[in-house]
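Chemist: One structure, as structure tokens, below. Some questions next.
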Amino acid sequence: MQYFDKNGNEIKAGMYITLGDGSVPELVYDTVDAYGNPDLGVNASNEAYLERNPFASREYYSLSNFDMREVEICDQEETFGQTM
């Protein structure tokens with residue numbers, strides 16, 4: 029599935045996006061939907077939980093869950109320049 033940000037730019041795995049809700053930029057992952065079709069998503073897993081549970085699988089939110097009119101691709105340099 030193809031996704032485009034609010035500026036009409038195609039979103040691809042490995043890019044960083046902001047979701048328009050003021051949250052920190054998210055890395056985009058190659059994923060699959062419930063039917064095994066290629067999809068894109070962002071991390072839905074709690075990192076601390078994954079560290080404590082090595083057999084747990086990372087989960088993703090499909091980009092189809094978000095209002096793409098608010099999603100924007102951002103610069104990787106901008107992403108790492110932010111403080112948490």
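Everything in the sequence shown is counted per my numbering, starting at 29 for the first residue and increasing by one.
No residue lacks a Cβ here, since even glycine has one placed at the ideal position from N, Cα and C.
All values derive from a computational prediction rather than experimental measurement.
For V60, is the classification buried or exposed, using 16 other Cβ atoms within 10 angstroms of its Cβ as the cut-off for buried?
Modeler: exposed
Chemist: What does the Cβ neighbour count give for G69, buried or exposed, with the cut at 16 atoms within 10 Å?
Modeler: buried
Chemist: Under three-state DSSP, which class holds N93?
Modeler: helix
Chemist: Quick one: grab the DSSP three-state call for E98.
Modeler: coil
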